[in-house]
Structures are given as C-alpha cells and as structure tokens.
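S.K.: Chains A and B are the protein sequences, given in the same order.
Just so you know, we're using the working numbering here: the first sequence kicks off at 1 and counts up by one.
Just so you know, we're using the working numbering here: the second sequence kicks off at 372 and counts up by one.
Think of the CB as a built atom: it goes at the ideal place given N, C-alpha and C, for glycine as much as any other residue.
Got a structure for you, written out below as structure tokens; questions coming shortly.
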Amino acid sequence: MLDAKATIDFNAGRLICSGDWCLPTLSILMAKLEALTFADTTTLVWDGTAIGQLDSAGAWLILHWQRRLRVRGYQISHQHFSDTHQKILDLVSAAYPTEKIKISTALPNLLAQVGRVAVGLSMGLLRYLYFVGQLTVSLVRHVKGSARWQPAALATQILRTGLQALPIIGLLSCLVGVVLAYQLGVQLQSYGANIFIPDLLGLSVLREFGPLLTAIMVAGRTGSAFTAELGMMKINQEIDALRTMGYLPDTLLILPRVLGLVITLPLLVLWADIFGVLGGMVMSHAMLDLSWHAFLDRLQHQVPLRALVIGLCKAPVFALLIAGVGCFQGMAVTGTAESLGKNTTRSVVLAIFFIILADAAFSIVFSWWGL
Amino acid sequence: MTQTAVIEIAQLGTRIGGRWIHRDLNLRVMRGEILVLAGGSGTGKTVLLREMILLRRPTCGEINMLGFSLTKISRSQQQHLRHQWGVLFQQNALFSSLTILQNVIFPLRRFSLDKTICHDLALLKLKLAGLGADVAARYPAALSGGMQKRAALARALMLDPTIVFLDEPTAGLDPGRVAAFDQLILDLRAALGLTIVMVTHDVDSMRRTADRIAFLGEGKVLCVDTPEKVSQHAHPLVQQFFHNV
C-alpha cells in the first residue's frame with residue numbers, strides 16, 4: 001500500500017490496467033492516462049485483469065476517463081474485472097458526481113462591503129445597548145427584591161476574579177514600581193533631587209499606573225475568561241437549558257460576574273497601589289539611598305489623599321467595562337469554535353480599548369474640575 | 372466472509388479514577404463483519420473504542436489490529452494504521468470553521484491531488500453518504516443533525532478505510548432516519564467490504580445491522596453472538612438491556 005505501483009498500457013485496442021488503482025497512485029495514473037494516444041481505433045476495451053487493489057478513487061478515475069473518451073467518440077467496454085472490483089465500479093457509477101460545485105470567486109462589491117460592515121457595527125452597538133439595558137433592568141429587579149440574589153455565585157466570582165488574582169497583580173505592580181523608581185531616579189539623581197522621588201512615584205502610581213495597569217491585566221485575565229466560559233456554555237446549550245428551566249442567564253451568570261468584578265477591581269487596585277509603592281520604595285532605598293522612614297514620611301505629606309481616591313474611583317468604571325464587554329461577547333458566541341476564539345480576542349481588545357478611552361475621559365473631566 | 376480477525380483484544384484492562392472499567396476483556400473482530408458494542412451506560416464502550424483508535428492507552432493487556440500490536444507500535448506504523456480506518460465520532464467532530472466540502476476533502480491533503488479531482492472525489496463520497504452537492508459549500512452549523520452525521524460519515528469514508536468505527540452514529544436521529552442510516556451502513560459494507568465496529572444504544576438499530584453483538588458488562592465482554600442469540604442470553608444485565616426486565 002505504501003509503495004504502490006500502478007500502470008496502464010495501450011495495446012491493440014486494449015487498455016490494460018495493472019497494479020493498485022487507489023488514492024496513493026491516483027496522480028501517477030492520471031499523468032499516464034493523459035500521455036496515452038489512441039491511434040487508429042474507435043473501440044477501446046478496458047481490461048482490469050491485472051488490477052490488484054481498487055478503491056473508490058481508482059474506480060472514479062476509470063469512470064471519469066471513460067466518460068471523457070466517450071465524449072471524444074470512442075466505444076468503450078469493460079473486461080475481466082473481478083466481482084469485487086465490478087461492485088465498486090457499480091457503486092461509484094451509481095453515485096458518480098455530475099454536478100459541479102459552485103464556489104463564487106467574484107470579488108465582493110466594495111460599496112456593498114462597506115455597507116455591510118457599517119450595518120454590522122451599528123447592529124452590534126444596538127445589541128450591546130440592549131444587553132446593558134437588560135442587565136440594568138435585572139439589577140433593578142434585584143434591588144427592589146423581586147428577583148433572588150445569588151450570593152454563592154457572587155462569592156465564587158469574587159474568589160476567582162479577586163483573591164486568585166492577588167499574586168500576579170502584586171508581583172507585576174511591584175515590578176512596575178521598581179522600573180518607575182529606577183527611571184525617575186536616574187533623572188532626579190542628576191539634579192540632586194532624590195528626595196522628590198516619593199512625590200512623583202506616589203502620585204503616578206496611585207493616580208494612573210495602579211488603576212490602569214490593574215484594569216488591563218484583569219481584562220486579559222478575567223474578561224477573556226468571562227467570554228470563554230459563557231461562550232462555551234452557549235455552544236454546549238447550557239444557556240438554553242437555564243432558560244427552559246425558567247432562570248435568566250442575567251441573574252445566574254452575568255450579574256454575579258459584573259457585580260463581583262465591580263467589588264473586586266477597586267480592592268485589586270488598592271493592592272496594586274500598595275505593591276507599586278513598595279517596589280518603588282525598595283528601589284529608591286537601593287539606588288538613591290533614601291531611607292525607609294524618609295520615603296514614607298514624604299509620601300504621607302506630599303502625596304494628597306485625593307490621588308488615591310481618584311485612582312480608586314476609576315476602578316468600578318473599568319470593572320463595568322471589562323465585565324460588560326466580556327459577558328456580552330460571551331453571549332454573542334454562535335455555535336462554532338471559531339466564533340469562540342474570535343469573540344474572546346475581541347473581548348480583550350475592546351475592553352482594553354475602552355479602558356484607555358475611559359481613562360482619557362477621566363483625565364479631561366478631572367482637569368475641568370481642577371482636581 | 373473470510374474468518375480472519377482484523378482486531379484482537381486480549382486481557383485488556385482499563386483503570387480510570389481508581390476504578391477498573393475493563394478487566395480481562397477479550398474480543399475479536401472479523402474481517403467484513405459489523406460488530407456492535409452494546410451495554411448499559413458506563414460500561415466502557417466508548418472507552419474501548421477510543422483505545423482501539425489510539426486515542427487512549429489501555430492500562431494493561433493487548434490490542435492487535437491488522438497485524439500491529441497497538442501497545443508496541445512505532446510512530447510511522449501508527450500513521451500507517453490511522454490511514455486504514457475511518458472514525459465517526461459521537462458529536463460528528465466536523466471542523467466548524469471549514470465547509471462540508473473542505474471537511475470531506477481534509478483527509479486527502481497528503482496526496483497533493485488536483486483541486487477538481489478532490490472536489491469530484493468528495494462529491495462522490497457525499498453522494499454515497501446520501502448528500503447532494505448543494506450542501507457542499509455550507510458550514511456544518513447550517514446543517515441538521517442527520518445531515519451532519521452523513522457528512523461526517525462521508526469524511527470517515529474518504530480514504531476507503533478497511534475498518535470504520537462508528538460511535539453512536541444514530542444517537543439523536545428520528546426512527547425513520549435511523550433506519551435509513553442503518554441501510555446506508557449495510558449498503559456501504561456490501562459494496563466496499565468494510566469492517567465496521569459500532570457503539571450504539573439503539574436495540575432496533577443493532578438488530579438490523581449487526582452480524583454480531585458484543586455485550587459489555589462487569590468490565591468484560593459478557594457474550595458475543597448474533598443479535599438473536601445475545602438477546603436470549605441468560606445474564607441478568609443482558610436480559611435487562613433487551614427486555615427491560
């Protein structure tokens with residue numbers, strides 16, 4: 001089978017096949033058939049005595065060529081095919097594909113394409129608004145007490161999105177603090193302004209880096225998980241099962257995720273702030289010989305509490321963005337593995353995009369208010 | 372029917388999660404027959420099938436397929452063996468990102484054949500499986516369960532396999548379609564001389580198609596025989612399965 005040999009010879013009006021006529025030899029046989037010329041004869045006898053193995057691909061080839069030769073005006077007959085081979089030939093001949101598959105290769109109309117994308121985007125936005133509205137209604141029903149809270153689901157989400165994220169968030173924030181302190185230190189050292197490092201470091205970590213980096217990490221870690229979990233449940237028809245039992249996925253799946261993240265993200269930001277400042281402090285001590293006491297003293301007196309509060313205020317908004325986009329993309333998965341992957345990617349990209357957009361908006365608003 | 376065994380399973384044992392699923396299981400599958408693996412839920416039918424198609428290693432024991440021992444087989448021999456069988460999975464396992472045509476052509480990739488030939492061969496197999504050219508350009512998600520089963524069968528038959536493994540091929544189909552699918556399997560066996568190993572729960576379906584039924588229970592094959600004889604077997608598990616006693 002692995003080193004299959006097959007030939008076809010033309011001799012005195014007879015086409016003599018030998019060897020294995022099967023998939024591995026198909027391309028060789030095609031080439032040999034193309035090379036044959038049939039001189040001075042109009043009748044051809046197809047002789048199958050010497051065929052070893054014949055599979056449906058081989059049978060297809062025989063029938064395919066017979067059709068071609070008949071079109072060219074030859075009379076064709078079979079001879080000496082064994083019973084099993086004849087059976088395969090009959091089977092293939094009964095199912096011989098005559099119709100051609102139409103695969104459109106025409107380039108799509110550019111205008112139509114633009115229109116389709118535009119409509120698709122606005123429909124997506126509409127569906128997202130619908131999703132947010134539905135979630136809000138569901139939240140109101142919970143607050144009014146007409147729907148039951150799911151404390152266990154909420155606790156699970158807090159555990160998974162909050163507690164289990166602590167090590168990685170702490171580590172990365174600490175490293176960012178170290179890097180920041182190093183870069184600031186290099187600049188400040190040349191002016192002899194070492195003592196200002198807690199001011200700059202504290203302000204930038206508490207107000208910007210803490211919330212922003214934590215949100216981006218959580219978008220990658222938790223937003224993608226939301227999409228993948230809900231998408232898989234959608235593919236597996238678990239969401240449909242919930243609905244038929246009279247439960248709304250909003251109540252059981254989405255609201256706990258959104259609320260859970262709204263609770264945990266500010267806490268994670270605080271955690272990141274602590275580790276960011278800690279990392280910076282260690283670096284300042286090592287590089288700039290700033291004593292622990294001096295660092296903390298300066299931090300306390302020079303960095304306003306406002307910076308921390310502003311940073312923490314951003315966190316719930318970021319959480320809503322991450323969880324909202326993650327859950328929406330998860331619920332938008334449609335049946336295939338490809339769509340699951342696409343939506344998970346989209347969930348992370350969109351969440352990070354909106355986080356940065358929201359952060360910029362915060363900066364503008366706070367500067368208007370003079371904060 | 373020549374009486375040579377294509378699959379021989381000897382003293383097979385499988386341990387999953389601290390529990391023996393199979394213990395001292397013996398079974399022979401003859402060339403050209405349709406063997407049905409039957410048994411209650413959790414008796415390890417699908418596990419046994421997965422062990423036969425090299426998706427899972429048995430804990431102990433021996434499986435001999437087409438002259439190769441599956442426990443001592445080299446990588447290239449594994450590849451060689453894999454090209455000799457077709458598998459229809461319980462959930463069809465059609466690639467959801469490819470069209471039906473691309474799915475069916477998929478096994479042909481390594482032959483570097485011309486595209487039009489591939490198309491014709493795929494259409495041939497689809498037609499054998501009872502599907503027309505109109506479904507070829509559609510995606511699996513756009514097909515009904517029965518059509519997906521047929522498309523998956525067409526893909527399993529693409530390389531003219533010696534052995535075809537069917538895992539619950541008729542699960543989720545309505546009785547009329549089950550009968551049609553059974554007939555399809557019988558026709559294909561007659562025409563292509565296939566050996567078929569099939570896992571099924573459907574008693575009517577196995578009565579129609581099976582040459583022999585291997586009834587699994589208590590970790591081994593309780594009996595292997597023709598459908599009539601198996602359904603008369605005295606073991607309480609067999610009686611319960613066939614007659615709801």
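Got a sec: is the Cβ-Cβ distance from residue 87 of chain A to anything in chain B below 7 Å?
M.R.: For residue 87 of chain A, the answer is yes, since a Cβ of chain B falls inside 7 Å of its Cβ.
S.K.: Of all the residues that make up the segment 238-263 of chain A, which are near chain B by a beta-carbon distance shorter than 8 Å?
M.R.: Answer set for the segment 238-263 of chain A: empty.
S.K.: For residue 335 of chain A, which residues in chain B fall below 8 Å Cβ to Cβ?
M.R.: Simply 467 and 512.
S.K.: In angstroms, rounded to a whole number, what distance separates the CA positions of residue 209 of chain A and residue 164 of chain A?
M.R.: Cα to Cα, residue 209 of chain A sits roughly 21 Å from residue 164 of chain A.
S.K.: Whose CA, out of A/31, A/62, A/264 and A/321, lies closest to the CA of residue 17 of chain A?
M.R.: The residue with the shortest Cα to Cα distance from residue 17 of chain A is A/62.
S.K.: Output the distance between the C-alpha atoms of residue 266 of chain A and residue 357 of chain A, rounded to the nearest integer angstrom.
M.R.: Each residue's Cα considered, the two are about 19 Å apart.
S.K.: If we cut at 7 Å on Cβ distances, does residue 374 of chain A have a partner in chain B?
M.R.: Residue 374 of chain A lies beyond the stretch modelled for chain A, which goes from 1 to 371, so this question has no answer here.
S.K.: Assess contact between the segment 284-300 of chain A and the segment 215-226 of chain A, defined as three or more Cβ pairs (one per stretch) separated by less than 8 Å. Is contact present?
M.R.: In short, these stretches do not touch, since the Cβ pair count stays below three.
S.K.: Can you grab the Cα-Cα spacing for the pair residue 490 of chain B / residue 607 of chain B, in whole Å?
M.R.: Taking the straight line joining both Cα atoms gives about 51 Å.
S.K.: Is the beta carbon of residue 383 of chain B sitting closer than 7 Å to the one on residue 592 of chain B?
M.R.: Taking 7 Å as the Cβ cut-off, residue 383 of chain B and residue 592 of chain B do not qualify as a contacting pair.
S.K.: Please confirm whether residue 522 of chain B has its beta-carbon closer than 7 Å to some beta-carbon of chain A.
M.R.: Chain A, which has no Cβ nearer than 7 Å to the Cβ of residue 522 of chain B, makes this no.
S.K.: Are the beta-carbon atoms of residue 169 of chain A and residue 270 of chain A separated by less than 7 Å?
M.R.: Against a cut-off of 7 Å, the Cβ pair of residue 270 of chain A and residue 169 of chain A comes out as no contact.
S.K.: Using the Cα positions of residue 564 of chain B and residue 125 of chain A, report the straight-line distance between them to the nearest angstrom.
M.R.: If you take the alpha carbons of residue 564 of chain B and residue 125 of chain A, they lie about 56 Å apart.
S.K.: Of all the residues that make up the segment 515-545 of chain B, which are near chain A by a beta-carbon distance shorter than 7 Å?
M.R.: Cβ contacts with chain A come from 530 and 531.
S.K.: For residue 146 of chain A, which of helix, strand or coil comes out of DSSP?
M.R.: In the structure shown, residue 146 of chain A sits in coil (DSSP, three-state: anything other than H, G, I, E or B).
S.K.: When the cut-off is 7 Å and only beta carbons count, does residue 498 of chain B lie next to chain A?
M.R.: For residue 498 of chain B, the answer is yes, since a Cβ of chain A falls inside 7 Å of its Cβ.
S.K.: From residue 322 of chain A to residue 307 of chain A, what does the alpha carbon distance come to, in whole angstroms?
M.R.: Computed Cα separation, rounded: 23 Å.
S.K.: Quick check: the Cα distance between residue 367 of chain A and residue 361 of chain A, rounded to an integer number of angstroms?
M.R.: Between residue 367 of chain A and residue 361 of chain A, the C-alpha separation is close to 10 Å.
S.K.: Measure from the C-beta of residue 459 of chain B to each C-beta in chain A and report whether the shortest distance is under 7 Å.
M.R.: So no, residue 459 of chain B is outside the interface.
S.K.: Would DSSP call residue 327 of chain A helix, strand or coil?
M.R.: In this structure, residue 327 of chain A counts as helix in the three-state DSSP scheme.
S.K.: Give, in chain order, every residue of the segment 548-562 of chain B whose Cβ lies closer than 9 Å to some Cβ of chain A.
M.R.: Listed by position, the residues of the segment 548-562 of chain B near chain A (Cβ gap below 9 Å) are 558, 559, 561 and 562.
S.K.: Residue 84 of chain A versus chain B: which residues are under 8 Å apart at the beta carbon?
M.R.: Ordered by position in chain B, the residues that pass the 8 Å Cβ test against residue 84 of chain A are 564.
S.K.: Tell me the rounded alpha-carbon separation between residue 602 of chain B and residue 610 of chain B.
M.R.: If you take the alpha carbons of residue 602 of chain B and residue 610 of chain B, they lie about 7 Å apart.
S.K.: Can you check the segment 161-242 of chain A for any alpha helix (DSSP H) of at least 4 residues that lies completely inside it and give the ranges in chain order?
M.R.: Those alpha helix (DSSP H) runs which fall completely within the segment 161-242 of chain A and span 4+ residues are 166-190, 197-204, 210-218 and 224-235.
S.K.: Below 8 Å on C-beta distance, what does residue 504 of chain B contact in chain A?
M.R.: Ordered by position in chain A, the residues that pass the 8 Å Cβ test against residue 504 of chain B are 97, 99, 100 and 101.
S.K.: List, in order along the chain, the chain A residues whose C-beta lies closer than 8 Å to that of residue 495 of chain B?
M.R.: Neighbours of residue 495 of chain B on chain A, chain order: 56, 60, 92, 95, 96 and 97.
S.K.: Could you compute how far the alpha carbon of residue 598 of chain B sits from the alpha carbon of residue 604 of chain B?
M.R.: Taking the straight line from one Cα to the other gives about 10 Å.
S.K.: Could you give the distance in angstroms between the alpha-carbon of residue 72 of chain A and the alpha-carbon of residue 64 of chain A?
M.R.: Cα to Cα, the separation comes out at about 13 Å.
S.K.: Mind checking the segment 20-44 of chain A against chain B and listing, in chain order, the residues whose C-beta falls within less than 8 Å of any C-beta there?
M.R.: Listed by position, the residues of the segment 20-44 of chain A near chain B (Cβ gap below 8 Å) are 22, 23, 24, 26, 27 and 30.
S.K.: Using a Cβ-Cβ cut-off of 7 Å, state whether residue 208 of chain A counts as contacting chain B.
M.R.: Chain B contact via Cβ: absent.
S.K.: For residue 372 of chain B, count neighbouring C-beta atoms within 10 Å of its own C-beta (all shown protein chains included) and say buried if the count is 16 or more, exposed if not.
M.R.: Bear in mind that a pLDDT of 45 at residue 372 of chain B, under 50, signals an unreliable position, so the model cannot answer this.
S.K.: Residue 529 of chain B lies in the beta strand (DSSP E); which residues open and close that run?
M.R.: Run containing residue 529 of chain B: none; DSSP gives neither H nor E here.
S.K.: Using the rule of at least 16 other Cβ atoms within 10 Å of the residue's Cβ for burial, across every protein chain shown, is residue 677 of chain B buried or exposed?
M.R.: This structure gives no information on residue 677 of chain B, because the portion of chain B shown stretches from 372 to 616.
S.K.: Verify whether the separation of the beta carbon atoms of residue 242 of chain A and residue 249 of chain A is less than 7 Å.
M.R.: Yes, these two residues count as a Cβ contact at 7 Å.
S.K.: Could you tell me which of A/328, A/86, A/52 and A/44 sits nearest to residue 69 of chain A, measuring between CA atoms?
M.R.: The residue with the shortest Cα to Cα distance from residue 69 of chain A is A/44.
S.K.: Determine the DSSP secondary structure at residue 458 of chain B, reduced to helix, strand or coil.
M.R.: Three-state result, residue 458 of chain B: strand.
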